[in-house]
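Take a look at the structure set out below.
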Amino acid sequence: MHNEAVVHHADDSANQEDILASEDLHTSGAYGKRPLAIVAADGSRLFDAEGNEFIDMVGGHGVCLLGHRHPVVQEAITRQADRIITCSEIFYNDQRALFYESLQAHLAPRFGRYFLCNSGTEAVEAGFKLVRALTNRTGIVAMKGGFHGRTLGSLSATWRPKYRKPFEPLLPGFEHIPFNNLEAAEAAISDSTAAVIVELIQGEGGINLIQDEFLHGLRSLCNERGALLIFDEIQSGLGRTGRWFCYQHHDVVPDLICLGKGIAGGLPMGVLIWRSDLGTFPPHTHGSTFGGNPLVCAAANATLQVLDEEKLPERAAQVGERFLAELRTIEHPAIREVRGRGLMIGIDLRKRATPVLQTMAANGVLALPAGTTMVRLLPPLSVAEEDLEQVRTVIVNALEEVYGD
Numbered sequence: 002m003h004n005e006a007v008v009h010h011a012d013d014s015a016n017q018e019d020i021l022a023s024e025d026l027h028t029s030g031a032y033g034k035r036p037l038a039i040v041a042a043d044g045s046r047l048f049d050a051e052g053n054e055f056i057d058m059v060g061g062h063g064v065c066l067l068g069h070r071h072p073v074v075q076e077a078i079t080r081q082a083d084r085i086i087t088c089s090e091i092f093y094n095d096q097r098a099l100f101y102e103s104l105q106a107h108l109a110p111r112f113g114r115y116f117l118c119n120s121g122t123e124a125v126e127a128g129f130k131l132v133r134a135l136t137n138r139t140g141i142v143a144m145k146g147g148f149h150g151r152t153l154g155s156l157s158a159t160w161r162p163k164y165r166k167p168f169e170p171l172l173p174g175f176e177h178i179p180f181n182n183l184e185a186a187e188a189a190i191s192d193s194t195a196a197v198i199v200e201l202i203q204g205e206g207g208i209n210l211i212q213d214e215f216l217h218g219l220r221s222l223c224n225e226r227g228a229l230l231i232f233d234e235i236q237s238g239l240g241r242t243g244r245w246f247c248y249q250h251h252d253v254v255p256d257l258i259c260l261g262k263g264i265a266g267g268l269p270m271g272v273l274i275w276r277s278d279l280g281t282f283p284p285h286t287h288g289s290t291f292g293g294n295p296l297v298c299a300a301a302n303a304t305l306q307v308l309d310e311e312k313l314p315e316r317a318a319q320v321g322e323r324f325l326a327e328l329r330t331i332e333h334p335a336i337r338e339v340r341g342r343g344l345m346i347g348i349d350l351r352k353r354a355t356p357v358l359q360t361m362a363a364n365g366v367l368a369l370p371a372g373t374t375m376v377r378l379l380p381p382l383s384v385a386e387e388d389l390e391q392v393r394t395v396i397v398n399a400l401e402e403v404y405g406d
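Residue numbers 2 to 406, in the numbering used here, belong to the letters of the sequence shown in order.
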């Protein structure tokens, strides 16, 4: 149920055409923008400048784990803003210390070192610098289909050519192997490999799930050849897949974990985590002006509190299993496969996804692509099951409208 004050605010906002015209005049061009001016949100709902309401299956590309405007996060931000907003890591801070303790409670004991930054891609960049510093090696093995960000280091590990080609040559030392191909991994990981980076569920790559045999094989190969294993849990972490971290579905623990997206309830934050026994960054070799500031740490502490108290990872497992089962009952020739875990879900089509996404939006549901044929759903972990029932109905109708029945 939405907040009437939010709807009223949306109704009073600037004209949608004016907003679109102003942004088009000044936008960077880096984004493929949809013709909607979103001006307000509440829970799992978004509102545009004309007062139209949408069920949010985008979630800020997986950011809104708690939904929009969660009162615990709002209160934590307001309270912290009244005390201190920024504080460089050259000083200690109470909210930062609490964040370390709160996150550590949900991780394997081997972890204990953290670098705080502003996004997932920055966490990946920090990870690449750290593994090169710790191992005195330069090689990074990444996966075909993988996505780790768009800054030059993380882009070097990202696979899709449309992201890479305009900026080549990228960083040397990166090699891509087929996902879930252990023979290729055995050939690629060598005594010059600093690390292997892998998503346990490829998000941008098409909601592709890792196979246990491949994951165990990566762990064994890294152990045998002195390479470090990095799990990119930027999209799959923090309850999204039904466990606090996706690696907890498997009997494999990495050496480093990259986090971002929803960890601070909608504020920008990235986290690199690594094994305590590996040591630390050499002094003054890395940093982040805004990383670990008290405001974002307070928001992150509130987010972790809500995830824990409302048992949202467990809820994502239960609700996601039921939703996946319901989606798999859709009988339509355009559907190739429904894949996912928890509330990280993809519907792989035999045809282009864009017309389906556009039709869904026209009927009040916003979702994402993942490649050219995938409809990707990343709802808040608190999403109402009635909303998911409506989403299923909209998907069915959109498939019939676009591709016939």
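By construction, the Cβ of each residue, glycine as well, lies at the ideal position given by its N, Cα and C atoms.
For residue i, three-class secondary structure by DSSP
{"i": "residue 240", "result": "coil"}
{"i": "residue 298", "result": "helix"}
{"i": "residue 32", "result": "coil"}
{"i": "residue 27", "result": "helix"}
{"i": "residue 276", "result": "strand"}
{"i": "residue 197", "result": "strand"}
{"i": "residue 192", "result": "coil"}
{"i": "residue 227", "result": "coil"}
{"i": "residue 44", "result": "strand"}
{"i": "residue 1", "result": "Past the edges of the chain, shown from 2 to 406, lies residue 1, and the structure says nothing about it."}
{"i": "residue 270", "result": "coil"}
{"i": "residue 63", "result": "helix"}
{"i": "residue 214", "result": "helix"}
{"i": "residue 357", "result": "helix"}
{"i": "residue 251", "result": "coil"}
Close beta carbons around residue i, own chain, < 8 Å, minus the five adjacent residues each side
{"i": "residue 49", "result": "11, 17, 37, 38, 39, 40 and 55"}
Which residues DSSP lists as bridging residue i, in chain order
{"i": "residue 338", "result": "349"}
{"i": "residue 203", "result": "209"}
{"i": "residue 49", "result": "39"}
{"i": "residue 114", "result": "275"}
{"i": "residue 142", "result": "176 and 197"}
Residue environment, residue i, which counts as buried when at least 16 other CB atoms sit within 10 Å
{"i": "residue 1", "result": "With the chain represented from 2 up to 406, any question about residue 1 goes unanswered, as that position is not in the structure."}
{"i": "residue 351", "result": "exposed"}
{"i": "residue 91", "result": "exposed"}
{"i": "residue 29", "result": "exposed"}
{"i": "residue 277", "result": "exposed"}
{"i": "residue 394", "result": "exposed"}
{"i": "residue 170", "result": "exposed"}
{"i": "residue 192", "result": "exposed"}
{"i": "residue 201", "result": "buried"}
{"i": "residue 205", "result": "buried"}
{"i": "residue 147", "result": "buried"}
{"i": "residue 342", "result": "buried"}
{"i": "residue 86", "result": "exposed"}
{"i": "residue 380", "result": "buried"}
Residues of its chain near residue i, where Cβ-Cβ distance is below 7 Å and the 5 sequence neighbours each way are ignored
{"i": "residue 103", "result": "302 and 305"}
{"i": "residue 222", "result": "186, 187 and 190"}
{"i": "residue 118", "result": "124, 127, 271, 289 and 292"}
{"i": "residue 213", "result": "251"}
{"i": "residue 82", "result": "296"}
{"i": "residue 238", "result": "246, 247 and 260"}
{"i": "residue 265", "result": "297, 300, 301 and 304"}
Residues near residue i by beta carbon distance below 6 Å, same chain, minus five either side
{"i": "residue 268", "result": "297 and 300"}
{"i": "residue 279", "result": "135"}
{"i": "residue 3", "result": "For residue 3, the pLDDT reaches just 45, beneath the cut-off of 50, and the residue's location in the model is therefore unreliable, although a value from the coordinates is still provided. Contacts found: 43 and 46."}
{"i": "residue 340", "result": "208 and 347"}
Are the stretch 355-373 and the stretch 310-327 in contact at 8 Å, needing three or more beta carbon pairs? Counting Cβ pairs under 8 Å, fewer than three are found: no touch.
Take every Cβ of the stretch 254-263, pair it with every Cβ of the stretch 226-238, and state whether three or more of those distances are shorter than 8 Å. These segments touch.
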